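Below is one structure, written out as structure tokens; comments come after it.
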Amino acid sequence: MKKLLLFVCLFTFAFVCSAISSDVANVAQKEKERRAKTKSTKTYTNKDVEDFKKKNKTADDSTQTESATDDEQATGSGEATADQTQAAANDPTSEEYWRNRSKELSDKVADLQAKYDKAQSDLNALQNATYASGGNQLTKNEFTTQMEQRDQLKAELDEAKAALDGLEDEARKAGVPAGWVRQ
């Protein structure tokens with residue numbers, strides 16, 4: 039009985055192996071045919087890059103000389119340099135523009151956060167004074183006023199943080215490197 043079981047297992051194993059090997063052979067044959075049908079694509083080498091640079095060298099040289107003459111003209115007058123700096127600060131494709139916007143929003147968030155923290159500590163002190171005075175009406179009115187001011191600061195802070203996050207999304211959509219809007 040054991041010999042029969044062993045024989046059946048070996049026969050089944052041999053049958054499965056032969057079926058798998060024929061499938062693998064078929065797949066390999068099909069892949070070879072597919073590769074033969076496809077066209078080979080151009081492979082660029084260092085020689086191709088050097089040839090391209092040589093062909094376009096004249097264009098590169100002309101742009102460098104134009105920028106050099108622009109720099110010479112700009113250094114000739116201080117007003118032109120200030121105008122160029124101002125133009126760069128207002129140009130949405132420049133790094134300076136995005137860094138300035140990010141700095142302004144970050145400074146605004148930091149300022150509002152400091153004001154909010156101060157308002158919260160003042161509110162806590164006033165709350166302690168209210169409890170200590172036994173709920174004096176004057177202290178309660180002052181407490182509600184402080185609470186409204188704190189809530190208003192919190193809303194402004196949340197709005198400023200949303201604007202800062204929105205700036206990152208806006209910069210990403212404009213194709214600006216992420217480092218330009220980080221502090």
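Mapped onto the numbering used here, the consecutive letters of the sequence shown carry residue numbers 39 to 221.
For every residue, glycine included, the Cβ atom is placed at its ideal position computed from N, Cα and C.
Note that the structure is a prediction, hence the values are computed from the model and not measured.
Asked: Applying the criterion that 16 or more other CB atoms from any shown protein chain within 10 Å of the CB defines a buried residue, is Y154 buried or exposed?; Found: buried
Asked: Quick check on DSSP: helix, strand or coil for D129?; Found: coil
Asked: Check whether the Cβ of Q158 sits closer than 7 Å to any heavy atom of the ligand GTP, and report yes or no.; Found: Of ligands this structure carries none, so the ligand GTP is not represented either.
Asked: Whole-angstrom Cβ separation of V147 and A216, contact assumed at under 8 Å?; Found: Contact doesn't hold; Cβ gap of about 18 Å is too wide.
Asked: Secondary structure at Y82, three-state DSSP: helix, strand or coil?; Found: coil
Asked: Mark M39 as exposed unless 16 or more other C-beta atoms lie within 10 angstroms of its C-beta, in which case mark it buried.; Found: exposed
Asked: In the structure shown, what three-state DSSP assignment does L202 receive?; Found: helix
Asked: My output table needs one value for G217: the three-state DSSP class, helix, strand or coil.; Found: helix
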